[in-house]
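Student: Residue numbers (my numbering): 182 to 358. All C-beta atoms, glycine included, are put in the ideal place defined by N, C-alpha and C. Predicted model, so just to flag it, every value in this text is computed and none were measured. One structure follows; several queries about it will come next.
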């Protein structure tokens with residue numbers, strides 16, 4: 182089923198937002214599902230599809246939010262997915278999505294991405310995974326950018342910044358620049 186939905190990543194209707202959301206729920210803290218969603222033929226799997234969707238200008242904000250959730254659920258606590266994310270410039274893709282979301286006023290995408298990156302960073306706390314450095318760098322970028330923004334700019338931005346700053350374990354990643 183997964184290869185079928187990913188065969189045409191340019192067709193954003195190939196995986197509706199509800200389906201992406203369902204896969205995110207199934208993958209959350211479930212290594213067997215995380216492996217299934219990652220280990221498809223070469224780059225033709227759901228994680229790759231979600232990353233491509235995040236930088237697709239034709240994708241709706243709702244669909245991007247669901248894909249951010251799916252990326253987070255697939256990568257969080259699953260080292261092979263974090264390695265894939267690192268090797269395939271996925272962290273840079275997340276950064277591009279965050280920056281584009283700010284420019285396009287896709288506030289829900291910005292908020293969800295900030296929280297997702299923070300949670301991915303937390304999931305590898307104390308685990309010696311080289312690739313987590315890139316996630317920490319992205320978390321720093323997100324934190325610094327949200328601080329620079331006018332707090333009245335968006336409730337979503339304020340909410341994301343508050344989430345990051347209220348968690349001491351997340352702040353350790355930021356304080357260790």
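If you follow the alpha helix (DSSP H) that residue 214 is part of, which residue opens it and which one closes it?
Tutor: If you number the chain shown from 1, residue 214 lands on position 33. First-last of the alpha helix (DSSP H) with residue 214: 212-219.
Student: Quick one, are the C-beta atoms of residue 351 and residue 302 less than 9 Å apart?
Tutor: On the chain shown, position 170 is the one that residue 351 refers to. On the chain shown, position 121 is the one that residue 302 refers to. In this structure, residue 302 lies closer than 9 Å to residue 351 by Cβ.
Student: Would you call residue 313 buried or exposed, if buried means 16 or more other Cβ atoms sit within 10 Å of its Cβ?
Tutor: Working through the chain shown from its first residue, we reach residue 313 at position 132. Looking at its Cβ environment, which holds 16 or more other Cβ atoms inside 10 Å, residue 313 is buried.
Student: Are residue 292 and residue 260 closer than 9 Å when you measure CB to CB?
Tutor: Along the chain shown, one-based indexing puts residue 292 at 111. Along the chain shown, one-based indexing puts residue 260 at 79. Not in contact: residue 292 and residue 260 (Cβ atoms no closer than 9 Å).
Student: Give the straight-line distance between the Cα atoms of residue 128 and residue 213, rounded to the nearest whole angstrom.
Tutor: Here the chain has residues from 182 to 358 only, and residue 128 is not among them.
Student: Between residue 251 and residue 231, is the Cβ-Cβ spacing less than 9 Å?
Tutor: For the purposes of this step, residue 251 is identified with residue 70 of the chain shown, where counting begins at 1. For the purposes of this step, residue 231 is identified with residue 50 of the chain shown, where counting begins at 1. The answer is yes: Cβ separation under 9 Å.
Student: Give the range of the alpha helix (DSSP H) segment to which residue 277 is assigned.
Tutor: For the purposes of this step, residue 277 is taken as the residue at position 96 of the chain shown. Residue 277 -> alpha helix (DSSP H) spans 271-284.
Student: Using DSSP with H/G/I as helix, E/B as strand and the rest coil, what is residue 240?
Tutor: Here residue 240 refers to the residue found at position 59 when the chain shown is read from its first residue. Residue 240 falls in the coil class under three-state DSSP.
Student: Put residue 308 into one of helix, strand or coil per three-state DSSP.
Tutor: Taking the chain shown and counting its residues from 1, the one referred to as residue 308 is at position 127. In this structure, residue 308 counts as coil in the three-state DSSP scheme.
Student: Around the C-beta of residue 329, are 16 or more other C-beta atoms found within 10 angstroms, so that it is buried, or is it exposed?
Tutor: Translated into positions along the chain shown, residue 329 becomes position 148. Its Cβ having fewer than 16 others within 10 Å, residue 329 is exposed.
Student: Quick one: grab the DSSP three-state call for residue 258.
Tutor: Sequence index remark: in the chain shown, residue 258 carries index 77 (1-based). Note: residue 258 maps to coil in three-state DSSP.
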